[in-house]
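If you read the protein sequences in the order shown, they are chains D and H.
Numbered per our numbering, the first sequence finishes at 173, counting up by one with no gaps.
Numbered per our numbering, the second sequence finishes at 173, counting up by one with no gaps.
Number of protein chains: 2
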Amino acid sequence: MNTTEHSPIVCRPIGRIHSRFTAAEGMPIQTTGAPAEPGSIEVYPEFEPGLRDIEGFDYLIVLTHLHAVQREMLEVVPFLDNQPHGVFATRAPARPNRIGLSIVRLVRREGGVLHFEGNDMLDGTPIIDIKPYVPRFDVRETTRIGWFEAKVDRVGQVLSDARMSPAADGPNTPRG
Amino acid sequence: MNTTEHSPIVCRPIGRIHSRFTAAEGMPIQTTGAPAEPGSIEVYPEFEPGLRDIEGFDYLIVLTHLHAVQREMLEVVPFLDNQPHGVFATRAPARPNRIGLSIVRLVRREGGVLHFEGNDMLDGTPIIDIKPYVPRFDVRETTRIGWFEAKVDRVGQVLSDARMSPAADGPNTPRG
Chain D
-2 MNTTEHSPIV CRPIGRIHSR FTAAEGMPIQ TTGAPAEPGS IEVYPEFEPG LRDIEGFDYL
58 IVLTHLHAVQ REMLEVVPFL DNQPHGVFAT RAPARPNRIG LSIVRLVRRE GGVLHFEGND
118 MLDGTPIIDI KPYVPRFDVR ETTRIGWFEA KVDRVGQVLS DARMSPAADG PNTPRG
Chain H
-2 MNTTEHSPIV CRPIGRIHSR FTAAEGMPIQ TTGAPAEPGS IEVYPEFEPG LRDIEGFDYL
58 IVLTHLHAVQ REMLEVVPFL DNQPHGVFAT RAPARPNRIG LSIVRLVRRE GGVLHFEGND
118 MLDGTPIIDI KPYVPRFDVR ETTRIGWFEA KVDRVGQVLS DARMSPAADG PNTPRG
């Protein structure tokens, strides 16, 4: 087992989110739960050359650090359910490394600022990567979606709550 | 500007990839370019409880650290093209933070090992997150795919080459 595989990985934020959401509770739990909700990405000046030609894409995959989430759990009761699941079988934010994935619709670019719709992110969320969404790479059709099967249609109604916060009860396994 | 937004983010690998690919050149450039290519995810024992119920899903989103890529560029000539683009308008591996996204088909689970098909990853690649693929969250239909429009159908033919390696020439901007 070599050191590379277990060594910590250090990421530098390339930008941050601007959003009307300033508290982790009461937010949309997926971008498809709030497809018209606006937000913007501020890409820091030193990374702005990386945006060249991004205007040609409808959708972007935004990878973030869910900095406001304070727990990293291995089993979690997700917002859409009342039963615990392994965190890697959920999209819960309170996960090891707290990496978020939000697919947003790019509305327009203004220099280093990308205005988008479909926002489930907190104001100030650090961004670690932006990738263009390409259906040929990113679309998979399947009905095998585990415990989501009976729950997924609630995504537009359910908002986040306090269960990912430090004081939450439940059959969770804090990691560290 | 507070420190959280610019502070480095430290991730711990939750596991690693086992793959027949041991060099970064000559590999598939997307999982849809090699849908039958097998691989496996070894989840480290301390994270194995996080896999509970993952068997119910057909597809997983695997976020990785592209540890073998040595450059982080802002403009890059991607494998599918001969023109430079901003790296955030490409899926090139030589990007800030070198985070990879691979959507794989889960074939079976054996304890902490997830056997999958659709493999574009190098042996030993550290994994920082696994999320279940849920079409209601992750599918977007669009034909606005920028420079990919004329190139995307080559994904099954084109393999990676040396252009992301330290000695590569071209209009690239090494980041530092």
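Quick reminder that beta carbons are idealized off the backbone N, C-alpha and C, glycines included.
Any non-hydrogen atom of the ligand SAH within 6 Å of residue i CB
i              : result
G153 (chain D) : The ligand SAH is absent from the structure shown, which contains no ligands of any kind.
Residue i - DSSP class collapsed to helix/strand/coil
i               : result
L77 (chain H)   : coil
R172 (chain H)  : Interpretation of R172 (chain H) is limited by its pLDDT of 36, a score under 50 that renders its predicted location unreliable; no figure is taken from the coordinates.
P90 (chain D)   : coil
F145 (chain H)  : helix
I125 (chain D)  : strand
I100 (chain H)  : strand
G47 (chain H)   : helix
R160 (chain D)  : helix
R106 (chain D)  : strand
F18 (chain D)   : coil
E52 (chain H)   : helix
G30 (chain D)   : helix
G167 (chain D)  : In this prediction, G167 (chain D) scores a pLDDT of 43, lower than 50, which makes its location untrustworthy; no coordinate-derived value is stated.
M(-2) (chain H) : Reliability fails at M(-2) (chain H), whose pLDDT of 43 lies under 50, so the model's placement of it is uncertain and the value that follows must be treated cautiously. Note: M(-2) (chain H) maps to coil in three-state DSSP.
Contacts of residue i in chain D (Cβ-Cβ under 7 Å)
i              : result
E107 (chain H) : Ordered by position in chain D, no residue passes the 7 Å Cβ test against E107 (chain H), which lies about 15 Å from the chain.
R68 (chain H)  : Those do not exist, as R68 (chain H) stays about 13 Å from chain D at its closest Cβ, beyond 7 Å.
Contacts that residue i makes with chain D (C-beta to C-beta distance below 9 Å)
i             : result
F76 (chain H) : None at all; the shortest Cβ gap to chain D is about 13 Å.
P5 (chain H)  : V7, C8, R9, P10
F54 (chain H) : A86, T139, R141, I142, G143, F145
Delimiting residues of the alpha helix (DSSP H) encompassing residue i
i              : result
F134 (chain H) : 132 to 135
Neighbour list for residue i in chain D, Cβ cutoff strictly below 8 Å
i             : result
N94 (chain H) : C8, R9, I11, I125, D126
L60 (chain H) : L60, I96, L98
Same chain, Cβ closer than 7 Å to residue i, five either side skipped, listed in chain order
i              : result
A33 (chain D)  : E114
V104 (chain D) : H112, F113, E114
P90 (chain H)  : L63, V66, G97, M161
G143 (chain H) : A86
L156 (chain H) : G23, M24, P25, I26
D78 (chain H)  : W144, K148
F44 (chain D)  : I11, G12
R233 (chain H) : Only positions -2 to 173 of chain H appear in this structure, which leaves residue 233 (chain H) out of reach.
D117 (chain D) : M24, P25, I26, Q27, T28, G30, A31, S99
Partners in chain H for residue i, counting only beta-carbon separations shorter than 8 Å
i              : result
P46 (chain D)  : L71, E72, G83, T170
D50 (chain D)  : H82, G83, A86, G143, W144
R138 (chain D) : In the sequence on display, residue 138 (chain D) carries Glu and not Arg. Residues of chain H passing the Cβ test: P132, V136.
Cβ neighbours of residue i in the same chain (closer than 8 Å, five flanking residues each side left out)
i              : result
R137 (chain D) : none
R106 (chain D) : L48, I51, E52, H112
Y130 (chain D) : F54, D55, Y56, L57, I58, I100
V40 (chain D)  : I11, G12, G47, L48, G109, V110, L111, I124, I127
E146 (chain H) : T140
T0 (chain D)   : In this prediction, T0 (chain D) scores a pLDDT of 49, lower than 50, which makes its location untrustworthy; no coordinate-derived value is stated.
Beta strand (DSSP E) segment containing residue i, residue limits
i              : result
F113 (chain D) : 110 to 114
R151 (chain D) : Looking at the DSSP string, R151 (chain D) is not in any beta strand (DSSP E), and its letter there is neither H nor E.
P35 (chain D)  : 35 to 40
H64 (chain D)  : First-last for H64 (chain D): undefined, no H or E at that position.
R9 (chain D)   : Looking at the DSSP string, R9 (chain D) is not in any beta strand (DSSP E), and its letter there is neither H nor E.
Contacting residues, own chain, Cβ-Cβ under 6 Å from residue i (five flanking each side not counted)
i               : result
T19 (chain H)   : D120
P75 (chain H)   : T87, A89
C8 (chain H)    : I125
G175 (chain H)  : Absent from the model: residue 175 (chain H). The displayed extent of chain H is -2 to 173, so no value can be given.
M(-2) (chain D) : Note on M(-2) (chain D): pLDDT 43, under 50, position unreliable in the model; no value is reported.
S37 (chain D)   : H15, V110, H112
Residue-chain proximity (residue i, chain A), Cβ-Cβ < 7 Å
i             : result
T87 (chain H) : The displayed structure is made up of protein chains D and H, and chain A is not among them.
Residues of the segment 125 to 136 of chain D whose Cβ lies closer than 9 Å to any Cβ of chain H, in chain order: Taking a C-beta cut-off of 9 Å against chain H, the contacting residues of the segment 125 to 136 of chain D are I125, D126, I127, K128, P129, Y130, V131, P132, R133, F134, D135, V136, listed in chain order.
Interfacial residues, the segment 148 to 161 of chain D to chain H, with Cβ spacing under 8 Å: V149, D150, V152
Within 7 Å of chain H by C-beta, residues of the segment 13 to 39 of chain D in sequence order: R13, Q27, T29
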